[in-house]
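To start, the structure under review is shown below, and the notes come after it.
In the working numbering, the protein residues as written are 2 to 188.
Below, the structure written as structure tokens:
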């Protein structure tokens, strides 16, 4: 099944399989997509606005040029997506326990989003936009964060010894947390 340029508004899907379906330039507005299977589905140039995508299984799902605005995503296993052509953007979203480990996401934007307990281990986030994000409990380990923008972001713990942060942008006083692992005293 293929959907082109369709709009889905205020739909509620629970435990529904979208496996193998293709969506091109579609909009999803205020939809509840709980515990759904997106395995092997294809979303290209789509927008999700105000949606709840909690416990969606993204395994082998193709997400190309997909934007999430004001969405809630809990337990998103993004690390299992189809890595070919993977490109997303998020603005003002609430993410919790989402896994992005090992993904290449150059210039990805999470601007103004809350990312709680998310995992970016071994991800390539060159030029990423984390402006105004709350990153409480989010893991950055062996990441390339060069040229990334963390201005206005709070609650992050990034160890510069375990991540590449060259040319990154950070705000004071939060940037002082970059020194946390160095066993120094600041006065």
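Yeah, the Cβ is synthetic: ideal placement off N, Cα and C, and Gly gets one too.
All of these numbers come straight from a predicted model, not from anything done at the bench.
Item                                                                                                                                                           : Value
Who does residue 90 pair with in a DSSP beta bridge?                                                                                                           : 68
Straight-line CA distance for residue 67 to residue 73?                                                                                                        : 15 Å
Residue range of the beta strand (DSSP E) that residue 73 falls in?                                                                                            : 73-75
If I measure Cβ to Cβ from residue 111 and keep anything under 6 Å in the same chain, skipping five residues before and after, which residues do I get?        : 91, 131, 134
On the DSSP letters alone, give me the boundaries of the beta strand (DSSP E) that residue 8 sits inside.                                                      : 8-10
Use the C-beta contact count for residue 169: other C-beta atoms within 10 angstroms, 16 or more gives buried, fewer gives exposed.                            : buried
Where does residue 21 land, buried or exposed, given buried means 16+ other C-beta within 10 angstroms?                                                        : exposed
If you run the structure through DSSP and keep just helix, strand and coil, what is residue 176?                                                               : helix
Counting only runs of 4+ residues fully inside the region 10-72, write out the alpha helix (DSSP H) ranges in chain order.                                     : none
Going along the chain, which residues of its own chain have a beta-carbon closer than 7 Å to the beta-carbon of residue 56, five neighbours each way excluded? : 35, 36, 75, 76
Could you say which of 82, 95, 141 lies nearest to residue 70 if we only look at CA atoms?                                                                     : 95
Quick check on DSSP: helix, strand or coil for residue 140?                                                                                                    : strand
In terms of DSSP beta bridges, what is residue 110 paired with?                                                                                                : 130
Have a look at residue 167 and residue 9 and give me their C-alpha separation to the nearest angstrom.                                                         : 42 Å
Using only the alpha-carbon positions, how far apart do residue 172 and residue 103 sit?                                                                       : 26 Å
Reducing DSSP to helix, strand and coil, say where residue 105 ends up.                                                                                        : strand
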